[in-house]
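In what follows, a single structure is set out as structure tokens and then discussed.
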Amino acid sequence: MALIAISSLAVVPFNDSANADTPLQSKEPSDFDSSALSSTLKVGETRSESLSRPNTAIAKVFPYQIRNKTAATVYVNNLPVFTFIDTSTPTSEQKVKYPTPRSSAKLPSKNGNLLTYVDPVERATVMASTFNQLARDGFDAKNIVVVWQSGDYVLKLGDQMSLKLDSSLLIPDATKDKANDAIATANLLRRLLGKAQPLTTIAGMPATNIRPSYSLPIAIVSQVISGMASWYGPGFHGGYTANGERFDKYTLTAAHPTLPFGTPVRVTNTYNGKSVVVRINDRGPYSGGRVIDLSQGAAQMIGLISSGVAPVKLEVMGR
Numbered sequence: 003m004a005l006i007a008i009s010s011l012a013v014v015p016f017n018d019s020a021n022a023d024t025p026l027q028s029k030e031p032s033d034f035d036s037s038a039l040s041s042t043l044k045v046g047e048t049r050s051e052s053l054s055r056p057n058t059a060i061a062k063v064f065p066y067q068i069r070n071k072t073a074a075t076v077y078v079n080n081l082p083v084f085t086f087i088d089t090s091t092p093t094s095e096q097k098v099k100y101p102t103p104r105s106s107a108k109l110p111s112k113n114g115n116l117l118t119y120v121d122p123v124e125r126a127t128v129m130a131s132t133f134n135q136l137a138r139d140g141f142d143a144k145n146i147v148v149v150w151q152s153g154d155y156v157l158k159l160g161d162q163m164s165l166k167l168d169s170s171l172l173i174p175d176a177t178k179d180k181a182n183d184a185i186a187t188a189n190l191l192r193r194l195l196g197k198a199q200p201l202t203t204i205a206g207m208p209a210t211n212i213r214p215s216y217s218l219p220i221a222i223v224s225q226v227i228s229g230m231a232s233w234y235g236p237g238f239h240g241g242y243t244a245n246g247e248r249f250d251k252y253t254l255t256a257a258h259p260t261l262p263f264g265t266p267v268r269v270t271n272t273y274n275g276k277s278v279v280v281r282i283n284d285r286g287p288y289s290g291g292r293v294i295d296l297s298q299g300a301a302q303m304i305g306l307i308s309s310g311v312a313p314v315k316l317e318v319m320g321r
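Counting along the sequence shown from 1, when you hit position 93 you're at 95 in the working numbering, and nothing is skipped either side.
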């Protein structure tokens with residue numbers, strides 16, 4: 003197992019007390035102190051090698067505190083992917099630990115298990131290091147899978163790393179359906195690390211335990227449309243929609259430029275494979291070439307909140 007020297011590995015202290023209770027920030031890494039990101043050392047390189055190449059690291063770590071607990075969020079291509087949190091009982095003397103310029107970390111060897119790392123910042127640092135090395139080595143993102151193992155959902159990056167999706171780990175747009183959340187997390191990484199097609203199944207999971215978080219009605223699809231979707235809610239809640247209803251941002255509705263009011267449409271986020279059926283009750287969107295504008299509740303169902311927009315497939319169903 004090789005020791006990898008880490009100068010800073012794009013680990014940036016996050017001390018914004020106003021956002022201390024929101025572990026998965028929509029704020030992009032570029033909004034933080036850029037000087038702290040300038041000395042990133044790529045995993046697997048010597049210091050002299052790092053000086054001769056541009057900074058191409060795709061993963062960064064942002065440590066901070068949540069209710070006196072240490073936390074660290076891993077960003078890949080400026081999108082939050084994981085937040086590791088300390089599940090131990092906090093004390094008044096606990097402080098966030100930041101890697102120093104002379105520190106080092108072990109990169110997991112084959113079949114490496116991130117569960118052997120306890121400190122959230124250390125876990126996040128090793129995870130970011132692994133992402134950077136895999137990106138440099140041309141890792142095939144199709145090898146990112148989810149397996150059902152001893153009653154837990156485990157994310158596997160080929161034979162390079164295993165990560166149990168448990169209470170010490172937070173993910174963006176989480177729902178109450180852990181199976182769907184696990185698949186969505188794997189699909190996000192498959193896209194970010196290689197634009198691989200989304201997964202739809204979990205290896206090794208008993209068929210009796212696989213159930214969707216919501217049922218999709220069986221109907222004849224009369225039209226299929228592809229394009230970008232956006233969402234709306236704040237600022238419109240309680241107002242009137244184009245068909246005269248009171249807009250409720252938590253219901254599964256959407257705005258479309260031309261479809262008749264009341265038309266059911268199945269919307270599938272092609273990034274993660276999640277789907278939701280919405281009812282058209284409003285008009286729009288009218289900018290950005292977008293094909294549909296979802297309510298906040300519908301956007302939450304398909305993992306659209308953090309990204310704001312995403313490519314979707316619309317299946318217009320018969321009424």
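Backbone N, C-alpha and C define an ideal beta-carbon position, used for all residues, glycine too.
All values reported here derive from a predicted model rather than from experimental measurement.
Proximity of residue i and residue j at Cβ, strictly below 8 Å
| i | j | result |
| --- | --- | --- |
| arginine 292 | alanine 244 | no |
| valine 269 | isoleucine 304 | yes |
| alanine 312 | tyrosine 288 | no |
| methionine 319 | valine 267 | yes |
| threonine 85 | leucine 159 | no |
| lysine 144 | alanine 198 | yes |
| serine 297 | threonine 253 | yes |
| leucine 190 | valine 314 | no |
| histidine 258 | isoleucine 282 | yes |
Contacts around residue i, its chain only, beta-carbon distance under 6 Å, and the 5 residues preceding and following it disregarded
| i | result |
| --- | --- |
| aspartate 250 | none |
| tryptophan 150 | Ile204, Gly206, Met207 |
| glutamate 47 | Residue placement at glutamate 47 is flagged as unreliable, the pLDDT there being 47, under the threshold of 50; a coordinate-derived value is accordingly withheld. |
| glycine 114 | Only weak support is given to the placement of glycine 114: the predicted model assigns it a pLDDT of 49, under 50, and the question is left unresolved by the model. |
| glycine 286 | Ala257, Asp295 |
| arginine 69 | none |
Residues sharing a beta bridge with residue i, DSSP
| i | result |
| --- | --- |
| proline 82 | Tyr77 |
| methionine 303 | Methionine 303 pairs with nothing; no bridge assigned. |
| valine 373 | Outside the shown range of the chain, which is 3 to 321, sits residue 373, and nothing can be said about it. |
| leucine 165 | Leu157 |
| serine 228 | Lys315 |
| arginine 292 | Met230 |
| isoleucine 68 | Lys71 |
| arginine 248 | Tyr242 |
| isoleucine 87 | Ala73 |
| threonine 255 | Arg281 |
| glycine 140 | Bridge partners of glycine 140: none, in fact. |
| serine 297 | Tyr234 |
| glutamine 151 | Asp154 |
| lysine 62 | Tyr77 |
Cβ separation of residue i and residue j, assumed to be a contact under 8 Å, to the nearest whole Å
| i | j | result |
| --- | --- | --- |
| alanine 61 | phenylalanine 141 | Their Cβ separation, rounded to whole angstroms, is 12 Å, which puts alanine 61 and phenylalanine 141 out of contact at 8 Å. |
| valine 148 | leucine 136 | Not a contact, Cβ separation roughly 17 Å. |
| tryptophan 233 | alanine 301 | 3 Å |
| alanine 184 | tyrosine 155 | 4 Å |
| valine 78 | leucine 194 | 5 Å |
Among the options, the one whose alpha carbon lies nearest that of residue i
| i | options | result |
| --- | --- | --- |
| glutamine 162 | Met129, Gly286, Pro236 | Met129 |
| leucine 201 | Ile146, Thr72, Gly290 | Ile146 |
| aspartate 284 | Ala256, Val78, Asp179, Asn274 | Ala256 |
| serine 224 | Asn189, Leu316, Pro122 | Leu316 |
| glycine 153 | His239, Ala181, Ile173, Leu171 | Ala181 |
| glycine 237 | Arg248, Phe84, Thr89, Ser228 | Arg248 |
| glycine 310 | Val280, Ile282, Asn271 | Asn271 |
| glutamine 67 | Pro122, Thr58, Leu81 | Pro122 |
| alanine 126 | Leu190, Arg138, Ile87 | Ile87 |
| isoleucine 170 | Asp295, Asp139, Thr75, Ile185 | The residue you asked about is not isoleucine; residue 170 is serine in the sequence shown. Measuring from the Cα of serine 170, the nearest candidate turns out to be Thr75. |
| valine 226 | Tyr242, Leu261, Ser164, Gly241 | Leu261 |
| serine 228 | Leu195, Ile294, Gly286 | Ile294 |
| leucine 165 | Lys178, Val120, Arg138, Asp179 | Val120 |
| alanine 59 | Ser90, Arg138, Gly290 | Arg138 |
| histidine 239 | Gly299, Leu81, Arg192 | Gly299 |
| glutamate 124 | Asn70, Gly235, Pro65 | Pro65 |
| leucine 81 | Ser90, Pro174, Thr89, Thr72 | Pro174 |
Proximity test, residue i beta-carbon vs the ligand ATP heavy atom, cut-off 7 Å
| i | result |
| --- | --- |
| aspartate 154 | Among the ligands in the structure shown, none appear at all, so the ligand ATP cannot be discussed. |
Chain C within 8 Å of residue i, Cβ atoms only
| i | result |
| --- | --- |
| proline 236 | In summary, chain C is missing from the structure at hand, where a single protein chain is found. |
Other residues of its chain near residue i: CB distance less than 8 Å, five sequence neighbours each side excluded
| i | result |
| --- | --- |
| glycine 323 | Nothing can be reported for residue 323, as the shown portion of the chain is limited to 3 through 321. |
| arginine 192 | Ala143, Lys144, Ile146, Ala198, Gln199, Pro200, Leu201 |
| tyrosine 242 | Arg248, Phe249 |
| phenylalanine 263 | Ala244, Asn245, Ile282, Asn283 |
| glycine 290 | Met230, Ser232, Val311 |
Residues near residue i in its chain [Cβ-Cβ closer than 7 Å; skip 5 each side]
| i | result |
| --- | --- |
| alanine 188 | Ile146, Val147, Val148, Leu157, Leu201 |
| threonine 89 | Ser169, Ser170 |
| glycine 235 | Lys251, Ser297, Gln298 |
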